[in-house]
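To convert, take the position in the sequence shown, counting from 1, and add 299; that gives this note's numbering.
Glycine included, C-beta positions come from ideal geometry on N, C-alpha and C.
Since this is a predicted model, take the numbers as computed values, not measurements.
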Amino acid sequence: MNENLQLVSEWDKTFPQSDAVDHRKVTFHNRYGVTLAADLYTPKGADGKLPAIAVSGPFGAVKEQSSGLYAQTLAERGFLTLAFDPSFTGESGGSPRAVASPDINTEDFQAAVDSLSVLDQADAERIGVLGICGWGGMALSAAAIDPRIKATVTSTMYDMTQVNAEGYFRSENTEEARHGKRKALSAQRIEDYRNGSSARAGGVPAELPDDAPQFVKDYHAYYKTNRGYHARSLNSNEGWNVTSALSFLNMPLLAYADEIRTPVLLVHGDQAHSSYFSEDARAKLTGENKELLTVAGASHTDLYDRSEIIPFDRIAEFFAAHL
């Protein structure tokens, strides 16, 4: 079932390699037959079966960026971690490229759990997931459907179905606005079919207008500079296929989040434009084992890579307590 992926052997991450962690490239497949590429991080000298965490995000990023940093840092704290590229992106397989799907990307997390469950070094009864930005919503979706996931962390979370259906800050939350999007995207499907290729939405713009919102400037400062640029990152380059937005318009990702029985920790900056996504998710979650942790002074992208303010100790404590 596995595709023959061409994986880069040298270290090409946006963060330095830790000498406290062993690293190797691995692959696994999901139930749609897509082979996913991942980085497996293991604490040096680790013995016996370890609690394991699957990590992905942000939306439009690759494992060489934020998710890899989170995975490596948590491996330094004693966890076996797997940072993966979602289907159709990065080094992972699948065609066409640059496609996102609330269903398939939720499945990607579940496939990562499959992979970890049969790994000799991992304890199949102690597996968690961590989703960053848009993959925070996917992580909650996976936790709702998959009881094998024993604990979930989201960081600077987006609900991609909500933002596509309602616009930023719910500014397009009308039936008429959604109808307009459906018409435009359906017309784009015809053009793509006629052309035999998919139009790309464009990633973060290379040049920003003076009146760009601050959060767009923050994205630019991460994805388009040496701080976070990566050649395989969609946000750093040509972006997603335009028509990827269609399925997100029609599928509420967190429809059953209130049925998640396992612990959840939502992490968000109090200066993040996106903080309302975590607030909405927290209001929907039920039970005493759900928490929203607010990071003072942090913007959305600060929690991508600013290790001095990302609450790694608290995240590690949460996973240690519940895995």
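When A421, S386, Q487 are compared against M437, the one with the closest alpha-carbon: As a working mapping, residue 437 is identified with position 138 in the sequence shown. Residue S386 is the option with its Cα nearest to M437.
What is the DSSP secondary structure of I614, reduced to helix, strand or coil? The residue labelled residue 614 in the question sits at position 315 within the sequence shown. Helix at I614.
Would you say the region 541-550 touches the region 394-406, given that touching needs at least three Cβ pairs under 8 Å? As far as the Cβ criterion goes, the region 541-550 touches the region 394-406, which means the pair count is three or higher.
Enumerate in chain order the residues of its own chain whose CB-to-CB distance from K583 is below 8 Å, with the five nearest sequence positions on each side excluded. Counted from its first residue, the sequence shown places residue 583 at position 284. Cβ neighbours of K583 beyond the five flanking positions: L553, A556, D557.
S454 - containing beta strand (DSSP E), residue span: As a position in the sequence shown, residue 454 is number 155, starting the count at 1. For S454, the uninterrupted beta strand (DSSP E) run begins and ends at 448-454, by DSSP.
Mind checking whether S536 and G495 have CB atoms under 8 Å apart? Numbered from 1 along the sequence shown, position 237 holds the residue referred to as residue 536. Numbered from 1 along the sequence shown, position 196 holds the residue referred to as residue 495. The question names Ser, yet the displayed sequence has Asn at residue 536. Contact: no.
Simplified DSSP assignment, three categories, for E490: For the purposes of this step, residue 490 is taken as the residue at position 191 of the sequence shown. Reduced to three states, the DSSP call for E490 is helix.
Cα separation between T334 and S391? What you label residue 334 is simply residue 35 of the sequence shown in a count that begins at 1. What you label residue 391 is simply residue 92 of the sequence shown in a count that begins at 1. About 6 Å.
Below 8 Å between beta carbons: does that hold for F617 and V361? For the purposes of this step, residue 617 is identified with residue 318 of the sequence shown, where counting begins at 1. For the purposes of this step, residue 361 is identified with residue 62 of the sequence shown, where counting begins at 1. Not closer than 8 Å, so no.
Straight-line Cα distance separating K348 from D419: Position 120 of the sequence shown, counting from 1, holds the residue named residue 419. Position 49 of the sequence shown, counting from 1, holds the residue named residue 348. Distance between the alpha carbons of D419 and K348 is about 7 Å.
Pairwise C-alpha distance: R581 and D569: Residue 569 sits at position 270 when you count from the first residue of the sequence shown. Residue 581 sits at position 282 when you count from the first residue of the sequence shown. Using only the alpha carbons, I get a separation of about 15 Å.
Burial state of N525, where buried means 16 or more other Cβ atoms lie within 10 Å: Walking along the sequence shown from the start, residue 525 turns up at place 226. The residue is exposed, with fewer than 16 neighbouring Cβ atoms inside 10 Å.
Between which two residues does the beta strand (DSSP E) carrying V594 extend? Along the sequence shown, read from residue 1 onward, the residue named residue 594 stands at position 295. Per DSSP, V594 belongs to the beta strand (DSSP E) from 589-594.
What distance in whole Å lies between the Cβ atoms of I448 and I426, which are believed to be in contact at a cut-off of 8 Å? Counting from one through the sequence shown, the residue named residue 426 turns up at place 127. Counting from one through the sequence shown, the residue named residue 448 turns up at place 149. Indeed, because the Cβ distance is near 6 Å, the residues count as touching under 8 Å.
So the candidates are A486, V462, L381; which of them puts its Cα closest to the Cα of F576? Stepping through the sequence shown from its first residue, residue 576 is reached at position 277. For F576, the nearest C-alpha among the options comes from V462.
Between D338, L591, G377, N472, which lies nearest to S454 when the distance is taken from Cα to Cα? The residue given as residue 454 occupies position 155 in the sequence shown. Between S454 and the set D338, L591, G377, N472, the nearest pair of CA atoms involves L591.
So the beta strand (DSSP E) A382 belongs to, where does it begin and stop? Here residue 382 corresponds to residue number 83 of the sequence shown, with the count starting at 1. Note, A382: beta strand (DSSP E), 379-383.
Which of the three DSSP states, helix, strand or coil, is assigned to E424? Residue mapping note: residue 424 aligns to position 125 of the sequence shown, counting from 1. Assigned with DSSP and collapsed to three states, E424 falls in strand.
Please report the distance separating the alpha-carbon of R560 from that of A505. Start at 1 with the first residue of the sequence shown, and residue 560 comes out as number 261. Start at 1 with the first residue of the sequence shown, and residue 505 comes out as number 206. R560 and A505 have their C-alpha atoms roughly 43 Å apart.
The alpha helix (DSSP H) spanning K516 covers which residue range? The residue you call residue 516 lines up with position 217 of the sequence shown. That run of the alpha helix (DSSP H) goes 513-522.
Paired residues, beta bridge with F324 - DSSP: Numbered from 1 along the sequence shown, position 25 holds the residue referred to as residue 324. Note that residue 324 corresponds to Lys in the displayed sequence, not to Phe. In the DSSP secondary-structure assignment, K324 is bridged to D338.
Separation of E363 from A370, as counted between CA atoms: Numbered from 1 along the sequence shown, position 71 holds the residue referred to as residue 370. Numbered from 1 along the sequence shown, position 64 holds the residue referred to as residue 363. Taking C-alpha positions only, A370 is separated from E363 by approximately 10 Å.
Per DSSP, N540 is paired with what? What you label residue 540 is simply residue 241 of the sequence shown in a count that begins at 1. Here N540 is bridged, per DSSP, to R499.
Beta-carbon proximity check, N329 vs D407, cutoff 8 Å: Reading the sequence shown from its first residue, position 30 is the one you call residue 329. Reading the sequence shown from its first residue, position 108 is the one you call residue 407. Yes, they are a contact pair.
Output needed for L339: all residues of its chain with C-beta closer than 6 Å, excluding positions within five of it in sequence on either side, in chain order. For the purposes of this step, residue 339 is taken as residue 40 along the sequence shown, with counting starting at 1. Counting only Cβ-Cβ distances below 6 Å, and skipping sequence neighbours, we find R323, V325, L381.
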